[in-house]
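Below is one structure, written out as structure tokens, with a few remarks after it.
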DNA sequence: CACTTGACCTGTCCGC
DNA sequence: TGCGGACAGGTCAAGT
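Residue numbers (our numbering): 136 to 430.
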């Protein structure tokens with residue numbers, strides 16, 4: 136599910152509700168969902184206080200009092216949903232009747248954190264995601280996943296030059312594979328790759344080295360615009376994704392190509408096609424996104 | 001080193 | 001209705 140906009144939406148929701156709370160207990164049934172030694176987890180996590188909720192690329196980082204942090208990756212189907220202790224009535228508190236919160240825990244619940252004022256559920260149908268306990272000190276350098284991540288694309292200091300320079304090391308591959316590469320920039324996944332490439336009118340199979348600077352500049356802007364809009368709309372709920380309150384996001388109502396195969400292109404009415412690029416299902420308008428090559 | 005493919009899992013959908 | 005296969009928003013380890 137979750138690409139940068141979805142993870143950022145979860146982060147913002149959790150930050151409102153969890154910061155300052157104490158963790159009373161931790162339980163997990165599937166060891167790979169929380170691979171640390173359960174005794175160590177109990178020792179370092181229980182009785183600690185949540186200091187902040189941070190995001191890096193598609194990962195969440197929760198620093199705790201006591202010098203440790205939770206590093207969480209939702210991968211394809213992870214969810215982090217918080218249920219306040221007083222949410223039983225099912226109304227108010229930002230929990231519409233179709234919120235996932237009313238059926239928690241469920242069969243995909245992997246980890247349960249009991250907090251002072253409520254319960255945090257880590258759900259993950261496909262079990263690809265994880266919660267890991269890490270030392271907070273220099274976490275961005277000591278953790279192998281975080282260390283390799285490229286720059287955050289939505290910060291003010293992320294420039295076109297940074298984008299262009301990072302792409303040069305992937306000049307021989309397709310532009311779609313290149314922007315999905317988390318070492319080039321952090322946070323783009325399949326949805327925003329397709330939406331960004333459509334907005335920039337670039338065919339996903341185009342070789343990076345064959346794209347003009349003008350078009351790359353369009354893509355740089357498009358990726359930032361598409362993800363910024365999605366954050367405003369609470370992210371994309373294609374299948375599993377929900378925010379920290381268990382509610383779906385609405386970005387896909389505004390998506391131009393993603394999951395719109397067989398529908399007319401909003402720009403030229405040509406039928407949207409679904410193809411395969413970089414091993415991923417890929418959505419294009421064959422008329423607006425023509426494949427071009429140099430020489 | 002750059003790049004591609006399969007594996008990790010469960011659930012759903014589609015064709016026979 | 002049942003069954004097999006393909007596929008799903010991500011990353012990593014292997015292979016070429």
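Every residue, glycine too, gets a C-beta built ideally from N, C-alpha and C.
Per-residue DSSP class, three states only, for residue i
i	result
residue 411	strand
residue 391	coil
residue 237	helix
residue 337	coil
residue 176	helix
residue 146	helix
residue 186	coil
residue 305	coil
residue 379	coil
residue 226	Legend: pLDDT at residue 226 = 46, less than 50; position of this residue unreliable, value from coordinates given subsequently. In the structure shown, residue 226 sits in coil (DSSP, three-state: anything other than H, G, I, E or B).
residue 79	Residue 79 lies beyond the range of the chain shown here (136 to 430); nothing can be said about it.
residue 181	coil
residue 422	coil
residue 281	helix
residue 199	strand
residue 349	helix
residue 342	strand
residue 271	coil
residue 431	This structure cannot speak to residue 431, because the chain is shown only from 136 to 430.
residue 332	helix
CB of residue i within 7 Å of CB of residue j, strictly
i	j	result
residue 387	residue 371	yes
residue 287	residue 335	no
residue 258	residue 214	yes
residue 281	residue 203	no
residue 216	residue 195	no
residue 212	residue 245	no
residue 339	residue 417	yes
residue 142	residue 190	yes
residue 310	residue 348	no
residue 210	residue 263	yes
residue 139	residue 362	yes
residue 345	residue 428	yes
residue 398	residue 250	no
residue 252	residue 239	no
residue 144	residue 369	yes
residue 325	residue 411	no
residue 266	residue 169	yes
residue 366	residue 354	no
Exposed unless 16 or more other CB atoms sit within 10 angstroms - verdict on residue i
i	result
residue 384	buried
residue 294	exposed
residue 380	buried
residue 291	exposed
residue 278	buried
residue 230	buried
residue 307	exposed
residue 179	buried
residue 426	exposed
residue 193	buried
residue 160	exposed
residue 137	buried
residue 222	buried
For residue i, the residue or residues it bridges with in DSSP
i	result
residue 354	For residue 354, which the question treats as bridged, DSSP gives no partner whatsoever.
residue 259	213
residue 246	163, 257
residue 401	BP columns for residue 401 are empty, so no partner.
residue 208	194, 265
residue 311	Paired residues: none, contrary to the question.
residue 157	184
residue 219	253
residue 417	410
residue 385	371
heavy atom of the ligand FAD below 6 Å from residue i C-beta
i	result
residue 171	With respect to small molecules bound, the structure shown includes none, and the ligand FAD cannot be examined in it.
Below 8 Å, how does it come out for the stretch 392-399 and the stretch 290-303: are there three or more Cβ pairs, yes or no?
no
Three Cβ pairs or more, each shorter than 8 Å: is that satisfied between the stretch 315-329 and the stretch 271-279?
no
Under 8 Å, with one C-beta from each stretch per pair, do the stretch 139-151 and the stretch 174-194 reach the 3-pair mark?
yes
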